[in-house]
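Please read the structure below before turning to the comments.
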Amino acid sequence: MKNFPIVKLARKLISIPSISPLDLGCQEIIANRLRSIGFTIKHININNTSNIWAFRGKGKTLTFAGHTDVVPAGKKKLWKFPPFDAVIEKNILFGRGAIDMKGALAAMIIAAEKFVYLNPNHKNRISFLITSDEESNAIDGTKAVIENLISQKEKIDYCILGEPSSTKVIGDFIKNGRRGSITAHLKVFGIQGHVAYPKSFDNSIHKTIPFLFRLINHEFDTGNNFFPSTSIQIVKIRSDSNSENVVPDELSMVFNIRFSPVINVNEIKHFVEKILFKYRIKYSIKWKVSGYPFFTSPGVLTKTVTEAVQFVNKIKSRLSTSGGTSDGRFISLIGAEIVELGLINKTIHQVNEQVKIEDLSILSQIYQRIMDKLLI
Ligand SMILES: [Zn+2]
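Numbering follows the working numbering, with no gaps: position 185 of the sequence shown is 185.
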């Protein structure tokens, strides 16, 4: 099994410690493979981030998207094998990025090689969008490439993002959307004073409590058939007068809201500011949207992907929109239908990240089946 082309490629990529946003040559390996089967390669490098846009053929475009960067290995001594040695034991390949997502990249490349070999004159266009900035701040990566492609009037019709969507077997879950994410940095202002003289101060903590209670109990929406309801989590509260007998004049807090497409950013902001006003709170607030929601209605792409999973792995996929944000939020801006389909996400970002070699092969066959259906 060690000599399977897919295993060789996955091991080669894993052995490069490309901690986000560095690529350290992974994309050169991928570009060379694709170039040798007739792809045109464009490197779009920005600051420390490397990106590739590669394509072959003309017509409707099916894009495979992914990233060569990985998260840090964590405590190396907790790993069974060194995280960048790509060791195989009992048909399991260990290493940082094995699942997220160098294994899936290897599956895509091998699928493309087989597909092109069998269908050198395919009807539609196959392309790859690969970045090294998915795990860090995601500014110079897929977002920048998509902006570049939109400015060149490029089109992507269908996109398979190789993020690890599966939970127990390959393809049991595929993602056809993700919630959006917005974070608020709120400061509440009061008046400092001695605890014994309540008439002379305005306690910033006391002012905030009824507001918080109202906020965390609010039902923004009830979601819809595809999305769970919008949810809020307070992630930080800080207030301190550095004394036991002085009330603090300021409180700062951070909260994050994961929102479905049922509600928009302005409605969220408006609601929060309305209750701040209602409780007569003096405040300043800074909002940061880290991702807008995206959603692909069940259609050509979801049908093709679920059929391919059924054909190769003999199981019925379920569509899901759970989890954090992904680069799908940027790719949706070009108007593509997007589905995330990748390896089993159990060990992602953990020590001893690992993939069954058999799973690499199954995923690659599913990718190839999708190419068969959409490109010829
Ligand atoms: Zn990933």
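Ideal Cβ placement from N, Cα and C applies to all residues, glycine included. In this text, all values refer to a predicted model and were calculated from it rather than measured experimentally.
- One residue list follows from the rule of a beta carbon closer than 6 Å to any heavy atom of ligand 1, given in chain order as His67, Asp100, Met101, Glu134, Glu163.
- The DSSP-derived three-state label of Ala138 is coil.
- In this structure, the alpha-carbon of Ile170 lies about 35 Å from that of Lys288.
- Taken in chain order, the complete beta strand (DSSP E) segments of 3 residues or longer contained in the segment 294-329 are 318-320.
- With a 10 Å radius around the Cβ and a threshold of 16 neighbouring Cβ atoms, Leu118 comes out exposed.
- With a 10 Å radius around the Cβ and a threshold of 16 neighbouring Cβ atoms, Glu147 comes out exposed.
- The residues Val351, in chain order, have a CB closer than 6 Å to that of Gly74 in the same chain once the five nearest residues on each side in sequence are set aside.
- Here the alpha carbons of Arg369 and Ile357 stand approximately 19 Å from one another.
- Taking 8 Å as the cut-off, the beta carbon of Phe294 is found no closer than this to the beta carbon of Arg258.
- In this structure, Glu134 is the residue among Glu134, Asn48, Phe39 with its C-alpha nearest to the C-alpha of Ala65.
- For the options Cys159, Asp240, Asp172, Ile130, the alpha carbon positioned closest to that of Asn45 is the one of Ile130.
- Looking at the DSSP output, Phe64 bridges to Phe128, Ile160.
- Under the three-state reduction of DSSP, Met1 is assigned to coil, being neither helix nor strand.
- Distances from the alpha-carbon of Gly180 to those of Thr321, Ser361, Thr347 put Thr321 closest.
- It is roughly 14 Å from the alpha-carbon of Asn242 to the alpha-carbon of Ser204.
- Beta-bridge annotation (DSSP): Tyr283 is paired with Val188.
- Between the segment 156-165 and the segment 324-343, the count of C-beta pairs closer than 8 Å reaches three or more; the two stretches touch.
- Distance from the CA atom of Leu93 to the CA atom of Leu161, rounded to whole angstroms, is 22 Å.
- With a threshold of 16 other beta carbon atoms within 10 Å, Val235 falls short and is exposed.
- For Glu267, the uninterrupted alpha helix (DSSP H) run begins and ends at 265-278, by DSSP.
- A Cβ-Cβ distance of about 4 Å is found for the pair Leu251 and Val188, placing them in contact under the 8 Å criterion.
- Close CB contacts of Pro21 within its chain, under the 6 Å cut and outside five residues either way in sequence, are with Asn48, Thr49, Asp69, Ser132, Asp133, Ser136 (chain order).
- Per DSSP, the beta bridge partners of Ser231 are Arg258.
- Judged by beta-carbon spacing, Thr306 lies beyond the 8 Å limit of Ser297, meaning their Cβ atoms are not closer than that value.
- Contact annotation: Asn124 and Gly59 have beta-carbon atoms nearer than 8 Å.
- Looking at Arg280, Phe227, Asp240, the one whose alpha-carbon comes closest to that of Pro261 is Phe227.
- From the listed residues Val71, Phe81, Val87, the smallest Cα separation to Lys12 is found for Val87.
- Exclusion of the five residues before and after Met1 leaves Val7, Ile88, Asn91, Ile357 as the residues of its chain whose Cβ lies within less than 8 Å of its Cβ.
- For Ile285, the closest of Asn256, Ala308, Phe201 by C-alpha to C-alpha distance is Asn256.
- Shown here, Asp359 sits in a helix according to DSSP, grouped into three states.
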